[in-house]
Amino acid sequence: MQRGPTHLSHCAHCAVVLWLLFAEISADLPMCKESDYHFEYTECDVLGSRWRVAVPNKADTCTGLPDPVKGTHCTFSCSQGEFLDMQSQQCQKCSAGTYSLGTGVAFEEWDSLPTGFVTHGVMTNEWKASTDCSNSTWTPKGDYVASNTDECTATLSYAVSLKKTGTLSFEYFYPDNGIYFEFFVQNDQCQSTESESRWMKISESNWSQYKIELSNGNNVLYWRTTTYALQGSPVKPVLLRNIQVSGVAYTSECFHCKPGTHSATAGSARCTPCPADTFSNKGATVCHECDEDKYSEPGSGSCKPRPACTNSDYFYTHTPCDSEGKTQLMYKWIEPKICSETSEGAVKLPASGERQTCPPCNPGFFVTNSSTCEPCRNDSYSNGTVCIQCPAGTEPMIGFEYKWWNTMPKNMKSSVFRQEFSDMDRSTAWEVAGEYVYTTPGNEDSIYPMLTLTVPGYRVPQFMAKDSERRELSHITFVFETVCTADCKFYFLAGYSEWNNNVIEQWKGRSRKQSYSYLIQSNDTVSFTWTFQRTEEFDTNNSYSSDFAKIYSIQITNVDGGVASHCHLCALTSVKADSSCVLCPPGHFMVRETGVCKSCPPNSFIRASQPVGEAACVQCGPNTKRNQAHTACLSDCTLDVKTKEGTLLRYDFFPLSNITSFLSSPRFTNKGLQYFHLFNLGLCRTESQALASCVDNVTENGRVVRGYICQSTVVPSDIRSQKTVSSQPYIIGDSLIGVTTETTLGGISSPAKLFPSSSSLPDVILYYKSSDTTQACKQGRSATVRLRCNPTVTAKDHITFPSNCSEGTCDGCTFHFMWQSQHACPLCTKNHYREIVSACIQGIQRTTYVWQQPLQCYGGESLPAQKVSACVTLDFWLKFGVSVGVIVAALLISISCYFWKKTHKLQYKYSKLMMSSGGKECELPTADSCAIMEGEDVEDDLMYLTKKSLFTKIRSFSRERTSDGFDSVPLKSSSSYHQQEWEDSDDAEIKG
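Residue numbers (the numbering used here): 840 to 1831.
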């Protein structure tokens, strides 16, 4: 119980003694200055907090360090071009001549492996487990680090701890597929992070860039290479540079620009390399120009003296042909020029040669008006001057043949490869020289001048496509020569890119002019490279620059997109439309025995699958016409049909010609998944209209089929996230056979019982055929579309299936559809309506036109408008008749009065004659005159004449003639007795 306090008292006593001792020692030390210590942050706690503490640069050198203060949060960082000032704990811009990545670190200098990088080599091949791989590591080369080139596996690793999510980026040069190159990242549990692929892609021509995201925490980066090249084949190493990691805690200082680079402004995130013929020191803000007698490569930290120009510093070439067809031998300095013409012993550039006539173009090319060479068309050939079209029945033997070298061909490239990578861009490696192409002198003996030919692919000629004994994909032949005084090597490589190829053959030392051929057996072999190495030794002081290689000619056959120097007879028994065989003009077929072209009959097209023989001509079906290309028959969507009664019906289906889609009834899989069959139909079309198409949007490379009718299977949008899922597309009909009212055409039948009709108007049927055959449909699929007139249907897509075949087909090969529409009716004419004339009402009569029922037409002529005309009613004619009757009656009365008066005059004259005769009727006195004398008045002679009644006058007027043919006319008497007697007798008659 007593030990506790005593023990505590003892400990307190010890602490006081230690403090007094430390105070005594500190009293003897000077106060710390800012140069005696620096600041650091403590480890972050679970809350992400930390403290800033002062740490002396050397222990026990001063006293009075600043007290710890609250630091920035662990996630705090500065931007690129800035650093964290620990005194103020604020971000400051980097000064000129320095740079900063902010939250990142960069590794750009590789004079040695930077701190944190580890490299080692191991042997993974069990058969060579005893091989020593301790020296097979990644090697720093100044501006980059290079992998090994032996069969050992070399690994380069770097461990980094990130406070937040960051990124890694680096540049690599991986030109040789003889090395396997992989990159991957592991966390602190040695688990590889997910990535698309750990195998790096081949570099096509220059540096490639790679970037990947890194998670926070510990990350270990691995670069690994393994060589699997053939024995003796040169291998190009993998190169790495500019490795940058972002996401580290912070940067408390800026880095000085390395020699050969500079940053001119404050706050730079990186330094800029100096251009050629300039240099800079470490931390430079500007680049300085070299003296005139010195030079430098891009990114150099110092200048080198310019050597005196020698014969190895220039090369000769031929200029391209000018407009006059002339070329000239010229000498040029090798670029970039580093030699001095003014130094002692320097040579001058030789004068140019005389202008000479240009050689012809290479076979398959022709000379243009500007004296340049252009390729001939696909169906032509040439010997280098003019193009000549291949005769029908032959095919051009396409390829490339280069034997004249005035310009570098467009599909060939000259480049330089160095084992020690350099930023210096040397533009000259192989140069044209008229009759050959050669390697120019170089300023380094160990470089590889490379000449690369690239082709798009191969196409076997039609005549040898089915001849297995004669068939070959392609072969390449070249004629070359090498002249060298050291251990030079000439390589021929083939592969699928300039930097991904294999050595096919190599020649060591001097080689006389000779030819070499290589048989190409793979479509992937599309790149061919010739390279020349003067020596494998280094630091030879350019002793073998006069060694060279020449290539006189290169010929490669069966190149897709190539040119031809001659034509070959086709195999006329199996000419395909897509072959390179020159076919006959449109509308002509090729006679199988002779290859002569003959014209097909009118309104026929050429069968695309076999354009040879008279059977190649296919007659167009009823109511169709061939297209301009003579490849198919089309319908212009119009039709004329003559009925049994002799009536001409005209149809116009153009409103139905657009692509129409319709669905079958819903179907269900065994698991209850609902789907439909989608049909796309293009009824008829002109040459400018597109075909119907069906797609497959399930697979990544969605397939599309096109035809008049096609089908696909679709799943509704509620099944998948996308709008619709379409799959399994296929063509039902890709050609139109004919348009007719007959129920059978070309072996395809459309029974009327499938779609019963009560109308007397015939259906119009369109017949389609597909050339695609399947195991189930060995003759291909076919379809019929029956157009039925129904003026009441206004929708343009009223398409139905047969009642007994819900999916449009009963056997899966022949499909039947019926399309009811008002546009399927014949055009209306005058025969389709009649007129109705109304009664005449109030002097107006109306004529109305109505359709004949049932209505069986649409469009065409419209109903005429109602006609209104003036007319006369029955009352008018009654009044007119009465009026005319009255007028006629009045006229008759007038005429009667006139004749009565005449008769009265005759009676007077007769009476007078009788009186003069003495009353004897048979002894009439001879009349001196029958006329009334002048001065006589009839009225005066009528003495004692009394007025008679109307009836008496009429009766006297109408008396009948006597039997002797004369009228019995009573004569007047002058005596009143006779007058009275006549009147009495008249009265008596009336009374009687």
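Backbone N, C-alpha and C define an ideal beta-carbon position, used for all residues, glycine too.
Beyond the five residues adjoining it in sequence on each side, residue 1483 comes within less than 8 Å, by CB distance, of no other residue in the same chain.
For the pair residue 1118 and residue 1099, the Cα-to-Cα distance works out to about 5 Å. For residue 1750, the three-state secondary structure derived from DSSP is helix. Judged by beta-carbon spacing, residue 1551 lies within the 7 Å limit of residue 1565, meaning their Cβ atoms are closer than that value. Cβ contact annotation for residue 1514 (same chain, cutoff 6 Å, sequence separation greater than five): 1506, 1552, 1554, in chain order. With a minimum length of 3 residues, the unbroken runs of beta strand (DSSP E) contained wholly in the region 1427-1469 fall at 1427-1429, 1436-1438, 1443-1445, 1456-1458. A direct Cα-Cα distance of roughly 7 Å separates residue 1207 from residue 1213.
Apart from sequence neighbours up to five positions away, the residues of its chain that approach residue 1198 with a beta-carbon distance below 6 Å are 1243, ordered along the chain.
Taking 7 Å as the cut-off, the Cβ atoms of residue 881 and residue 1093 do not count as close. Minimum Cα-Cα distance from residue 1018 among the listed residues 1038, 943, 1001, 1002 corresponds to 1038. Check the Cα spacing between residue 895 and each of 1133, 871, 1404: the tightest is with 871. When the alpha-carbon of residue 1023 is set against those of 1004, 1041, 1049, 1003, the nearest one is in 1049. Partner residues in the beta bridge of residue 1658, as assigned by DSSP, are 1626, 1638. For residue 1315, DSSP records a beta bridge to 1357, 1395.
For residue 1698, the closest alpha carbon among the candidates 1728, 1529, 1666 is that of 1666.
A Cβ-Cβ distance of about 5 Å is found for the pair residue 1373 and residue 1327, placing them in contact under the 8 Å criterion.
In this structure, the alpha-carbon of residue 1252 lies about 10 Å from that of residue 1270.
Residue state for residue 1671 is assigned as helix, using DSSP reduced to three classes. DSSP, read as helix, strand or coil, puts residue 1177 in coil.
Residue 1008 is positioned such that its CB atom lies closer than 7 Å to that of residue 1083.
DSSP places residue 1612 outside both helix and strand once states are collapsed to three, so it counts as coil. Around residue 1371, the same chain offers 1278, 1288, 1329, 1388 as residues with beta carbons nearer than 6 Å, after the five sequence neighbours per side are excluded.
Exclusion of the five residues before and after residue 1536 leaves 1565 as the residues of its chain whose Cβ lies within less than 6 Å of its Cβ. The beta carbon of residue 1154 lies closer than 8 Å to those of 1170, 1171, 1173, 1267, 1270, 1279, 1280 in the same chain, with the five residues before and after it left out.
Listed as beta-bridge partners of residue 1292 by DSSP are 1251, 1367. Close CB contacts of residue 1687 within its chain, under the 6 Å cut and outside five residues either way in sequence, are with 1675, 1705 (chain order). Apart from the 5 residues on each side of it in sequence, residue 1622 sits with its Cβ closer than 6 Å to the Cβ of 1548, 1571, 1572, 1607, 1654 in its chain, given in chain order. Per DSSP, residue 1243 lies in no beta strand (DSSP E) and is assigned neither H nor E. Taking residue 1256 as the centre and dropping the five residues before and after it, the same chain places the C-beta of 1287, 1289 closer than 6 Å to its C-beta, in chain order. With a threshold of 16 other beta carbon atoms within 10 Å, residue 1736 falls short and is exposed. Taking residue 887 as the centre and dropping the five residues before and after it, the same chain places the C-beta of 912, 913, 914 closer than 7 Å to its C-beta, in chain order.
Counted as a single uninterrupted DSSP element, the stretch harbouring residue 1136 is not any beta strand (DSSP E), since DSSP gives it neither H nor E. The straight-line gap separating the alpha-carbon atoms of residue 1311 and residue 1399 is approximately 14 Å.
With 16 or more other CB atoms across the displayed protein chains lying within 10 angstroms of its CB, residue 921 is buried. Scanning its chain for C-beta atoms nearer than 8 Å, with the 5 sequence neighbours on each side dropped, one finds around residue 901 the residues 868, 869, 870, 871, 872, 875, 876, 895, in chain order. In this structure, residue 1630 places its C-beta atom within 7 Å of the C-beta atom of residue 1661.
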